[in-house]
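Sequence order for the protein chains is A and B.
Heads up: the first sequence is residues 352 to 443, going by my numbering.
Heads up: the second sequence is residues 36 to 185, going by my numbering.
So the structure is just underneath, and the comments pick up after that.
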Amino acid sequence: MAVTVSIPTILRTHTGGEKTVPAAGATVAEVIDDLEANHGGLKARLVKDGALHRFVNVYVNDEDVRFAGGLEAKVADGDNVTILPAVAGGAR
Amino acid sequence: MLTIRRDLVDAMVAHARRDHPDEACGVLAGPEGTDRPERFIPMLNAARSPTFYEFDSADLLRLYREMDAADEVPVVIYHSHTATEAYPSRTDAKIAQEPFAHYVLISTRDQHEHELRSFRIVEGVVTEEPVEVVESYRFAHTGPDDVPEQ
Chain A
352 MAVTVSIPTI
362 LRTHTGGEKT
372 VPAAGATVAE
382 VIDDLEANHG
392 GLKARLVKDG
402 ALHRFVNVYV
412 NDEDVRFAGG
422 LEAKVADGDN
432 VTILPAVAGG
442 AR
Chain B
36 MLTIRRDLVD
46 AMVAHARRDH
56 PDEACGVLAG
66 PEGTDRPERF
76 IPMLNAARSP
86 TFYEFDSADL
96 LRLYREMDAA
106 DEVPVVIYHS
116 HTATEAYPSR
126 TDAKIAQEPF
136 AHYVLISTRD
146 QHEHELRSFR
156 IVEGVVTEEP
166 VEVVESYRFA
176 HTGPDDVPEQ
């Protein structure tokens, strides 16, 4: 499955400044592994202990994958995968 | 240094006051490459908490798509602290992931006098910066493509 992945500003150091890169895979986990093969260092920014980082959001088209199986969420040919850092914080 | 129009400061402070005692949060978007905040975008604090804020994930996606389509970036990311000073907490510093944004903190702990400060947060390192409030960007030399506000 060929997909297009949108890379957020903070991770573009891994993609030579590219905002979008092509990747392949049938699940989000496979797409991330494929990204890692071509843009080393990305996976560690997205995945921790076998799950998505709490403060990284990944969307397949319009859907946050947290509500669609997380790393096992399915992706289809032509899908857009968007990675966005959460905007969050707090007084403590 | 953050150079920012007074009406945008007023809008952020009003939002922070309105949502007090919960934390308020939002973005000031501006044209990419200008470092000039122009568009006030108050966001919903999905955590609805006096000690935590988080943009709702669907809202976040919509916001970034909208900014992308308009060649905008989040020049300012703001939130309020409702019982503590306007300084990034360890949580703020740890989670911050926009190295080119100005992180503006507004404290509403005093009901009359607010406190507003601005920071860069890069890889967890917090650096305070001066804030220059201007009436207009016209004479503020914020960039060669300065467009007087409408």
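Here a beta-carbon is modelled for each residue, glycine too, at the ideal position from N, C-alpha and C.
In this text, all values refer to a predicted model and were calculated from it rather than measured experimentally.
Contact between the stretch 108-128 of chain B and the stretch 142-159 of chain B is present: three or more C-beta pairs spanning the two stretches fall below 8 Å.
Cα atoms of P436 (chain A) and R40 (chain B): separation of roughly 27 Å, rounded to the nearest angstrom. Nearest CB-CB separation between L393 (chain A) and chain B: not below the 7 Å threshold.
Using beta-carbon distances, H149 (chain B) does not count as an interface residue toward chain A, since no partner is under 7 Å. Between the alpha carbons of A427 (chain A) and M78 (chain B) lies a gap of roughly 31 Å.
Segment contact: the stretch 379-398 of chain A against the stretch 56-65 of chain B, fewer than three CB-CB distances shorter than 8 Å; contact not assigned.
Assigned with DSSP and collapsed to three states, I130 (chain B) falls in helix.
Counting along the chain, the unbroken beta strand (DSSP E) around N431 (chain A) starts and ends at 431-436. When the five nearest sequence neighbours on each side are left out, the beta carbons in the same chain lying within less than 6 Å of the beta carbon of A51 (chain B) are those of A59, S115, I141, T143, in order along the chain. Using a Cβ distance threshold of 7 Å, V108 (chain B) and E67 (chain B) count as a contacting pair.
With contacts defined as CB atoms closer than 7 Å, Y138 (chain B) and I156 (chain B) qualify as a contacting pair. Within chain A, no C-beta atom comes less than 8 Å from the C-beta of L37 (chain B); the nearest is roughly 18 Å away.
Per DSSP, the continuous beta strand (DSSP E) segment holding S153 (chain B) begins and ends at 150-157.
Look at I361 (chain A): its C-beta is under 7 Å from a C-beta on chain B. Under a criterion of Cβ atoms nearer than 8 Å, the residues of chain A adjacent to F135 (chain B) are, in order, T360. In this structure, V372 (chain A) lies away from V409 (chain A), with their beta-carbon atoms at least 7 Å apart. Bridge partners of L403 (chain A) according to DSSP: A:V398. Among the residues of the stretch 431-443 of chain A, those with a Cβ less than 9 Å away from any Cβ of chain B are T433, L435, P436, A437, V438, A439, G440, G441, A442, R443, in the order of the chain.
From the beta-carbon of L63 (chain B), no residue of chain A is found nearer than 7 Å; the closest lies around 13 Å away. If you draw a straight line from the Cα of G368 (chain A) to the Cα of L151 (chain B), it is about 33 Å long.
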